[in-house]
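So the sequence lines, in the order shown, correspond to chains A and B.
When we follow our numbering, the leftmost residue of the first sequence carries the number 299, and every step to the right adds one.
When we follow our numbering, the leftmost residue of the second sequence carries the number 299, and every step to the right adds one.
By construction, the Cβ of each residue, glycine as well, lies at the ideal position given by its N, Cα and C atoms.
This report concerns only the one structure given below.
Protein chains: 2
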Amino acid sequence: MIPMETENGTRWLSDEEQGAWRIHLDVSRLLTYQLERDLQPFGLTMNDYEILVNLSESEGHRMRMSDLAAATLQSKSRLSHQITRMENAGLVRREHCESDRRGLFACLTEDGWETMRKVAPHHVESVRKHFIDLLSPEALDALHTSLTPIAEHLRAQRGRV
Amino acid sequence: MIPMETENGTRWLSDEEQGAWRIHLDVSRLLTYQLERDLQPFGLTMNDYEILVNLSESEGHRMRMSDLAAATLQSKSRLSHQITRMENAGLVRREHCESDRRGLFACLTEDGWETMRKVAPHHVESVRKHFIDLLSPEALDALHTSLTPIAEHLRAQRGRV
DNA sequence: ATCCATTGGTTCAGAATTCAACTTCTACCG
DNA sequence: CGGTAGAAGTTGAATTCTGAACCAATGGAT
């Protein structure tokens with residue numbers, strides 16, 4: 299399948315390409331919309347949840363702000379605001395780092411941990427219902443295989459220029 | 299592959315499932331980040347661009363606000379603000395609808411159309427570079443096939459409750 | 001030791017987004 | 001007809017996000 303070219307040399311998308319692209323866009327938006335919605339009854343956003351996950355999977359239930367920002371693909375600024383909000387909600391606490399006096403840890407509080415334990419099963423159920431369980435194991439595998447290089451490519455671009 | 303169960307009955311995700319899920323999340327975020335970035339030099343956001351696309355593909359280069367909101371998966375409120383901004387930027391104009399006096403059309407202006415023609419090739423190139431061209435035709439096809447039912451499912455949920 | 005370029009993080013102002021009124025008009029029911 | 005439920009859009013206030021400017025600490029160079 300050779301990409302169509304036109305006068306100005308643009309390699310426009312074929313119908314198949316368009317289709318794949320648009321469906322990817324749609325799914326990612328619809329999905330975050332739905333997951334967000336399923337999380338709402340617990341008073342959490344996807345953002346909140348993702349931070350809880352990251353913290354609860356880390357040593358000592360804490361992470362350096364920068365690392366957390368990198369892990370969640372957010373700007374430092376945004377994360378800072380986010381953590382402030384979560385701190386006010388009692389889910390998280392800031393702690394100083396002795397080895398580097400500029401540094402701060404975001405630490406899961408007891409409350410944050412409890413929230414996590416309570417919410418996780420529902421979230422997983424939600425992810426299953428709206429995504430995982432709608433894919434055959436082969437499709438899942440194919441997805442993983444074909445998306446991985448893209449993720450790598452994009453991560454590499456990320457810092458650049 | 300049987301989903302693992304634990305005491306409380308939660309069907310946690312297997313490693314493969316986790317992997318597929320997380321990569322999907324990452325790709326969709328990294329991708330919008332990158333596309334946004336590639337559009338920035340032209341003074342457009344993805345949102346702006348998507349609206350231009352929708353309008354330029356419609357009869358008479360115009361669409362009813364509601365339809366546009368539905369097509370772009372935004373709330374009416376958000377679209378309204380968005381169109382106001384684009385109107386101020388001269389890309390779009392609001393026009394009354396005679397058949398329904400509540401209704402409004404968002405119409406592409408000459409400027410909007412020109413912008414579209416100028417930017418589209420770059421955007422397509424960007425989509426190719428960061429997504430399409432990194433997928434084999436088979437992968438593309440598989441993606442389309444496996445994502446379509448998900449999109450349908452999510453669209454069906456969308457209105458519900 | 002002293003610079004100074006970098007890193008880690010916050011803050012502030014401006015822009016975008018959400019959510020809940022609110023207005024106007026339509027359509028339908030009795 | 002008259003009344004009213006619902007649709008189409010907008011508005012405004014509160015929240016979140018972005019990007020740049022900023023401060024403080026670090027880690028090398030010299």
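Please work out which residues of its chain come closer than 8 angstroms, Cβ to Cβ, to residue i, disregarding the five sequence neighbours upstream and downstream, and give them in chain order.
| i | result |
| --- | --- |
| G388 of chain B | T407, D409 and G410 |
| H394 of chain B | G401, L402 and F403 |
| S378 of chain B | M363 |
| H421 of chain B | L333, D336, L337 and Y347 |
| M344 of chain B | T330, L333, E334 and L337 |
| K374 of chain A | M363, S364 and A367 |
List the residues of chain B that residue i touches, going by C-beta distances under 7 angstroms, in chain order.
| i | result |
| --- | --- |
| T308 of chain A | P419 and V422 |
| L350 of chain A | None at all; the shortest Cβ gap to chain B is about 15 angstroms. |
Determine the chain B residues that contact residue i at a beta-carbon separation under 9 angstroms, and present them in chain order.
| i | result |
| --- | --- |
| S326 of chain A | H322, L323, V325, S326, R327, L329 and T330 |
Against chain A, with Cβ distances strictly below 7 angstroms, would residue i count as a contact?
| i | result |
| --- | --- |
| Q455 of chain B | yes |
| E315 of chain B | yes |
For residue i, go through chain A and note every residue whose CB falls closer than 7 angstroms to its CB, in chain order.
| i | result |
| --- | --- |
| L433 of chain B | S444 |
Run through chain B and tell me which residues come within less than 8 angstroms of residue i, C-beta to C-beta.
| i | result |
| --- | --- |
| L311 of chain A | V422, V425, R426 and I430 |
Counting only the same chain and skipping the five closest in sequence on each side, list residues whose C-beta sits under 6 angstroms from that of residue i.
| i | result |
| --- | --- |
| T370 of chain A | E348 |
| R426 of chain B | none |
Using a Cβ-Cβ cutoff of less than 7 angstroms, which residues in the same chain neighbour residue i once the five nearest sequence positions on both sides are dropped?
| i | result |
| --- | --- |
| R391 of chain A | E385, C405 and T407 |
For the segment 364-389 of chain A, list every residue whose C-beta sits within 8 angstroms of some C-beta in chain B, in sequence order. Answer in chain order: L371.
Against chain A, which members of the segment 403-431 of chain B pass a CB distance test of less than 7 angstroms? Listed by position along the chain: P419, V422, V425, R426, H428, F429 and I430.
Closer than 7 angstroms, Cβ to Cβ, to anything on chain A: give me those residues from the segment 437-452 of chain B, in chain order. For the segment 437-452 of chain B, which is checked against every Cβ of chain A, the residues closer than 7 angstroms are A437, L438, D439, A440, L441, H442, S444, L445, T446, P447, I448, A449, H451 and L452.
Three CB pairs or more closer than 8 angstroms across the segment 433-442 of chain B and the segment 354-363 of chain B: No, because fewer than three Cβ pairs between the segment 433-442 of chain B and the segment 354-363 of chain B fall closer than 8 angstroms, the two stretches do not touch.
With three or more C-beta pairs closer than 8 angstroms as the rule, is the segment 350-359 of chain B touching the segment 303-321 of chain B? A contact between stretches requires three or more CB pairs, one per stretch, nearer than 8 angstroms, and the segment 303-321 of chain B fails this requirement with the segment 350-359 of chain B.
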